[in-house]
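Comments concern the structure below.
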Amino acid sequence: MNKEHNAHIFAIYFKELKALLESSSNGQLSLKDKDLINRITKVLRLQEGEHFILFNREQNVEFVIDKIEKKSLESSIISRQLNQTVEPFVKFLLPILKKEALETALYSLVEIGANEIQLIATEKVARKWGDEKELERLERIAIAAAEQSKNFAYPKILAPISLQQACESLKDYKKIFFEPESESLLKVLTHDKDQKLALLIGPEGDLSDSEKSLVQGQGFIFCKLTPTILRACQAVAVAIGVVRSL
Numbered sequence: 047m048n049k050e051h052n053a054h055i056f057a058i059y060f061k062e063l064k065a066l067l068e069s070s071s072n073g074q075l076s077l078k079d080k081d082l083i084n085r086i087t088k089v090l091r092l093q094e095g096e097h098f099i100l101f102n103r104e105q106n107v108e109f110v111i112d113k114i115e116k117k118s119l120e121s122s123i124i125s126r127q128l129n130q131t132v133e134p135f136v137k138f139l140l141p142i143l144k145k146e147a148l149e150t151a152l153y154s155l156v157e158i159g160a161n162e163i164q165l166i167a168t169e170k171v172a173r174k175w176g177d178e179k180e181l182e183r184l185e186r187i188a189i190a191a192a193e194q195s196k197n198f199a200y201p202k203i204l205a206p207i208s209l210q211q212a213c214e215s216l217k218d219y220k221k222i223f224f225e226p227e228s229e230s231l232l233k234v235l236t237h238d239k240d241q242k243l244a245l246l247i248g249p250e251g252d253l254s255d256s257e258k259s260l261v262q263g264q265g266f267i268f269c270k271l272t273p274t275i276l277r278a279c280q281a282v283a284v285a286i287g288v289v290r291s292l
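Plus 46 on top of the position in the sequence shown (first one is 1) and you've got our numbering.
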């Protein structure tokens, strides 16, 4: 089957991409990773002549399937590119939301193009953080979002720290906290469009008054997203979407 012009090309994260490329000869190589072959041929049901993309944190490579064997997949490299980081750099300070809301918010941040996600512990967090196991799950969700959106330079996810610690790490950033009944976000973003941005939302129960005083004292600009009250995971998607649309 020949690849049609503008046909959808599936992207797959492959941690061992660098080693795989080192094994190529004149742009041709043999895939032998059982799980990868199963995903390409059984899950995605790709056939000979069709294209797919493998990527890691550094680069993305488009391949065409030359031949499918029982224990290998013979392919040729079509193109090879370094991953491109979306600008301006956006660091999102994301509270530990309820599990489903946190996963939805994180998916949106990867899909729309945040550069770094710093999880933060706030006073009104409604649950216990799941430690390394939960961080690994969030990494898998981020990879799935990167595959779907082809945001190959997907954001790093940093383990939770306190709001105070997060604020102290933002020396060179324009800092924005999203709060109803504040000034327009668009007005704030019309200046210094290339400056690094740090975006913050509150958890489901909002930041406490003392936390709001803290971020205001750290130079955060208070901005509104919409004239209505949004759920936290919705606010995340709207915030990163507005920033990336400019």
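Where is the CB? At the ideal position from N, CA and C, for every residue including glycine. The structure presented is a predicted model; accordingly, all values stated were derived computationally and were not measured.
Same chain, Cβ closer than 7 Å to residue i, neighbours up to 5 away in sequence not counted
i, result
"residue 279", "143, 147, 150, 151"
"residue 48", "Its pLDDT being 45, under 50, residue 48 is placed unreliably in this model, and the value from its coordinates should be taken loosely. Excluding sequence neighbours, residue 48 sits near 95."
"residue 61", "102"
Where residue i falls: helix, strand or coil (DSSP)
i, result
"residue 121", "strand"
"residue 244", "strand"
"residue 112", "strand"
"residue 254", "coil"
"residue 126", "strand"
"residue 77", "strand"
"residue 174", "coil"
"residue 260", "helix"
"residue 275", "coil"
"residue 107", "strand"
Boundaries of the beta strand (DSSP E) in which residue i is found, first to last residue
i, result
"residue 136", "136-141"
"residue 20", "Past the edges of the chain, shown from 47 to 292, lies residue 20, and the structure says nothing about it."
"residue 270", "267-270"
"residue 162", "162-167"
"residue 97", "97-101"
"residue 60", "Run containing residue 60: none; DSSP gives neither H nor E here."
Endpoints, alpha helix (DSSP H) assigned at residue i
i, result
"residue 178", "177-195"
"residue 63", "63-68"
"residue 286", "278-291"
Spatial neighbours of residue i in its chain, beta-carbon cut-off 6 Å, leaving aside the 5 residues before and after
i, result
"residue 223", "246, 261, 266, 268"
"residue 118", "76, 78"
"residue 158", "286, 287, 290"
"residue 221", "244, 265, 266"
CB-CB length for residue i against residue j, believed under 8 Å
i, j, result
"residue 209", "residue 292", "27 Å between Cβ atoms; not a contact."
"residue 163", "residue 204", "7 Å"
"residue 108", "residue 125", "5 Å"
"residue 251", "residue 170", "4 Å"
beta-carbon residue i near the ligand MG non-hydrogen atom, thresh 7 Å
i, result
"residue 201", "Summarising the ligand content, the structure contains no ligands, and the ligand MG is consequently not present."
Contacts around residue i, its chain only, beta-carbon distance under 8 Å, and the 5 residues preceding and following it disregarded
i, result
"residue 111", "86, 92, 93, 94, 95, 96, 97, 98, 119, 120, 121"
"residue 270", "224, 225, 226, 227, 228, 229, 230, 231"
I'd like the ranges of any beta strand (DSSP E) spanning at least 3 consecutive residues and lying wholly in the segment 198-240. Secondary structure in the segment 198-240: the beta strand (DSSP E) runs of 3 residues or longer, each lying completely within the stretch, are 202-208, 220-230 in chain order.
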